[in-house]
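Peer 1: FYI, in mature numbering (1 follows the signal peptide of the UniProt record, and there is no 0) the residues of the sequence shown are -28 to -1, 1 to 571. Beta carbons: idealized from backbone N, C-alpha and C, even for Gly. Quick one: the structure is below, and I'll ask about it shortly.
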Amino acid sequence: MSNILWKSLVVSPAVLGATLLVSGAALASGNSTTPVVIKTEVSQAKAQEASATTFSTIIATETIKAPQTLAQAQQTPVNVLEQVNQYSNEGKNNNSQGQVTSVSQFSDVQPTDWAFQALQSLVERYGCIAGYPNGTFRGNRAMTRYEFAAGLNACLDRVNELIATATADLVKKEDLATLQRLQEEFSAELATLRGRVDALEARTAELESNQFSTTTKLVGEAIFALSDVFGDRAGNANNTVFQNRVRLDLQSSFTGRDVLHTRLAAGNASQFDLGSTTVGGIPSGEGLQTFNINGTTTNSVNLDWLAYYVPIGPAQLYVSATGGTHSDYAATNNPYFEDYDGGNGALSTFASRNPIYNIGGGAGAALNIPFGKPGGILKPSSITVGYLGSEPNNPGLGTGIFNGNYAALGQLNFSLGDRVALAATYVHGYHGAGSALFDEGGYRGSIGLPVVGTAQANALGVNRNNNLPNNVASASDSYGLSAAFRPSDKLSVSGYVSYHDVTGFGSNDDFEAWSYGAGIALPDFGKKGNVLGIFGGSEPYSLRAGASEQPYHVEGFYKYRVSDNISITPGVIYLTNLGQQSGGNNEAWIGTLRTTFTF
C-alpha cells in the first residue's frame, strides 16, 4: 500500500502538469474561429470499411476541420475567403426559407430608388439575377450595398456574355447607359468585390501549384501518453512512462470513389509487465493499450498499413498489401469504443472490439455485398467475406499467402432501422508453431505476440498436461456475436461474445477459449464532441495450463475535446485475476493520460 501511495504522489504532479500544459496550449490556439474549407474524416481510412452503412459507422464517424496550412497561418489578418462569405451571407435570416427571384420582392430596396428601378428592369429583361451567389436572394432582411453590387455584377457578366456570343442586338443602348451609371454609383463596392475574388483566385492558383499531389491528401495523428500501473505485483515491476505514437496516412483517390491508404508509423510504446506467466513461451496480452500497437518501440518509421478500397457495382472491395486487419472491412458494432487502434476511442484493445477480429491479419482481400430491400425491416444489411495471410511475402515452405498463417472471415450484418445493429461472425484460422491465437497477424513484425487475452487463451500447440509446446501447428474455429443499440443520440450501448475452438495437431493440445464484454458510451457528455465510456467483461481466457479463474477487465475513460484537432483522455483500466490466477496480489490498475492530435 505504501508503494501505491508513493507512486500516486509521484504521478499526480506529472499528470496534472501535463494536463495543464497541453490544455493551455490547446486552448490558446485551438479555439480559433477562422473558417476552414477542407474537411476530412477522423476515423481515418479504416472507418471506410465495407459495411459503412451499418450502425457502427453511422454513429461513430465524426468530421473535423483540417488545420490551416503554413502559408495560411502566415498571411495577413484579412481572410479573403471569410470576407467574401461574409458579404454573401450578410443579413441572412435563417428562418426565412422563401427564395426571392424578383427585385420587387426586396423589402428594403425602395421602389422609388432609381437604382432599384434600373436593376429591376435589367433583371427582368436579361434574367441575370441567377448569377447572384447561390442563385437566389433571400428576403425579409436588409439588403447591403455589397449585396446589391453582387447582383449588379451578375447583370454585367450577363450582358458581357450576350455581347461576346454575337447577340449584341439584344442589348439596348439605353441599358448600356444604365449599366454605366450603376457602375459609377457602386464603383467602390464592385471594386472591393472583384478585388477579393481576384485575390481568392490567385491564392487558389498558388495552393494548386504548390500542392504535392492532386490525388492525395495527408491525414495525421500524434499520441502523447503518460501512464503508470499500480498493484502489489505489477506496480513493483514498472515505472511511470511517457510514450508516443505518430501515424501519417496518405489517402489517394483516383476516381473519387476509391481510396488508397499508405500509412507510415513510428512510436516507442511498449506494454507494461503485469507479472502474468507465459504459456509455452507465449506471453499475455492483458492490459494492452491501443497506442501500444505499432511497428517498433524505437521511434523508427515503418510502413504500417497499405490498403485499397474500391467499389465494384454495389459491393465494396478491400485489398491489403500489408498491415491489414479484419476490422478494416468488417463492421465491429462497437461505436465510440472502436477507433481502429487510434487515439480517440477506448484505451485498450479489449474494449475496442470483439477479440474475434484480432485473429490473423496481414495481406489479403475482402468483399462486402449489400442485400435486402431499403424499405424492409433489415435495412441496410450485408454479407462480408475476407481472407488475410500473415506471411504473404515469404516464398519459403509452409509460408506464403495460402501455406502460412491465415484467417478467413465470414460475417452477416443486420441493421434494424438506424438504432440497432447486429453481426454474426465466423473466423477459421490456421496457425503455425509458436503462434498466438489473437496476434493480429504479428504486430511489430513478430508472430506470437498477442494483442488481447491471457497466455492460456493465446498459446497454441501446447500440451495441456505438462505445459510444454509441441512445436506443431493448430487450427481454430471462432464464432462471435456483436450488437449495438442507440436508444437516443446521447446514449449508445454495445456488447459482444466470442467462442473459440482450437484443434492442435499434436497430442493433448486442443482447447476452448471464451470472451465477452459490454459497454455504455455517452457522446457529447458535458460538451459537444466529448465522450464518456465505461466498458467491462472478460478478456479471452481458457481454463487450462493450471488456470483456475476468469480474468476480468473494467475500463473507464473520458475524452475531452479541447478543439477540433486536440483531445485529452484520462482513463483507468482495472484488471483482476491476472494470468487467470486467484489471490489478492493478482490485480492491477493502469492509469493513463492520453493526448491526441489530429491533422
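Over the uninterrupted beta strand (DSSP E) stretch that includes F483, give me the two end residues.
Peer 2: Where F483 is concerned, the enclosing beta strand (DSSP E) stretches over 483 to 495.
Peer 1: At the level of alpha carbons, what is the spacing between L319 and V424?
Peer 2: Their Cα atoms are separated by approximately 12 Å.
Peer 1: Answer yes or no: do E527 and G543 have a C-beta to C-beta separation smaller than 8 Å?
Peer 2: Yes, the pair counts as a contact, with Cβ atoms nearer than the cut-off.
Peer 1: Hey, how far is the Cα of L53 from the Cα of S225?
Peer 2: Bear in mind that the predicted position of L53 carries a pLDDT of just 41, short of 50, making it unreliable; the figure below should be weighed with that in mind. Distance between the alpha carbons of L53 and S225 is about 26 Å.
Peer 1: What first and last residue would you give for the beta strand (DSSP E) that runs through G563?
Peer 2: Element bounds for G563: 559 to 570.
Peer 1: Name the residue from R175, S242, S514 whose alpha carbon lies nearest to the alpha carbon of T268.
Peer 2: For T268, the nearest C-alpha among the options comes from S242.
Peer 1: Check whether the segment 250 to 260 touches the segment 545 to 552, taking contact to mean three or more Cβ pairs, one atom from each stretch, closer than 8 Å.
Peer 2: These segments touch.
Peer 1: Grab me the residues of I492's own chain with a C-beta within less than 7 Å of its C-beta, minus the 5 sequence neighbours each way, in chain order.
Peer 2: The residues are V465, I506.
Peer 1: Give the straight-line distance between the Cα atoms of V282 and F322, rounded to the nearest whole angstrom.
Peer 2: Approximately 30 Å, taken between the alpha carbons.
Peer 1: Short check: CB of T262 to CB of S324, under 8 Å?
Peer 2: A contact, by the Cβ cut-off of 8 Å.
Peer 1: Which residues in the same chain have their Cβ closer than 7 Å to the Cβ of F410, if we skip the five residues on either side of it in sequence?
Peer 2: Excluding positions up to five away in sequence, the list reads G257, P327, N330, I331, P422, V423, V424, G425, N430, P512.
Peer 1: Any idea which residues DSSP pairs G505 with across the strands?
Peer 2: In DSSP, G505 forms a bridge with A493, F529.
Peer 1: Indicate the three-state DSSP secondary structure (helix, strand or coil) for G406 in the structure shown.
Peer 2: The answer is coil: DSSP assigns G406 none of H, G, I, E or B.
Peer 1: Taking 6 Å as the limit between beta carbons, can you name the residues of its chain near L289, skipping five residues before and five after?
Peer 2: Once the five neighbours on either side are set aside, the close Cβ partners of L289 are V282, L339.
Peer 1: Determine, using beta carbons only, whether L360 and G413 come nearer to each other than 8 Å.
Peer 2: Going by C-beta atoms, L360 is nearer than 8 Å to G413.
Peer 1: Near G555, which residues of its chain fall below 7 Å by C-beta distance, leaving aside the five closest residues on each side in sequence?
Peer 2: Closer than 7 Å at the Cβ level, and outside the excluded window around G555, lies no residue.
Peer 1: In this structure, how does DSSP classify residue 574 when only helix, strand and coil are distinguished?
Peer 2: This structure cannot speak to residue 574, because the chain is shown only from -28 to 571.
Peer 1: Could you compute how far the alpha carbon of N210 sits from the alpha carbon of R219?
Peer 2: N210 and R219: Cα-Cα distance of roughly 27 Å.
Peer 1: Anyone know if the C-beta pair for H403 and A445 falls short of 8 Å?
Peer 2: In this structure, A445 lies closer than 8 Å to H403 by Cβ.
Peer 1: Let's test the definition: count the other Cβ atoms within 10 Å of the Cβ of V169 and tell me whether it reaches 16, buried, or not, exposed.
Peer 2: Its Cβ having fewer than 16 others within 10 Å, V169 is exposed.
Peer 1: Checking 8 Å against the spacing of the C-beta atoms, do G489 and D482 come in under that value?
Peer 2: No, these two residues do not count as a Cβ contact at 8 Å.
Peer 1: Count the other C-beta atoms from every protein chain shown that fall within 10 angstroms of the C-beta of N443, then say buried if there are 16 or more, exposed otherwise.
Peer 2: Exposed: under 16 other Cβ atoms inside 10 Å.
Peer 1: Starting from A427 and walking both ways along the alpha helix (DSSP H), at which residues does that stretch end?
Peer 2: Where A427 is concerned, the enclosing alpha helix (DSSP H) stretches over 427 to 430.
Peer 1: With 16 other CB atoms within 10 Å as the buried threshold, where does L432 fall?
Peer 2: So L432 ends up on the buried side.
Peer 1: Check this for me: beta carbons of A456 and N306, under 8 Å apart or not?
Peer 2: Yes; because the gap between Cβ atoms is below 8 Å, this pair is in contact.
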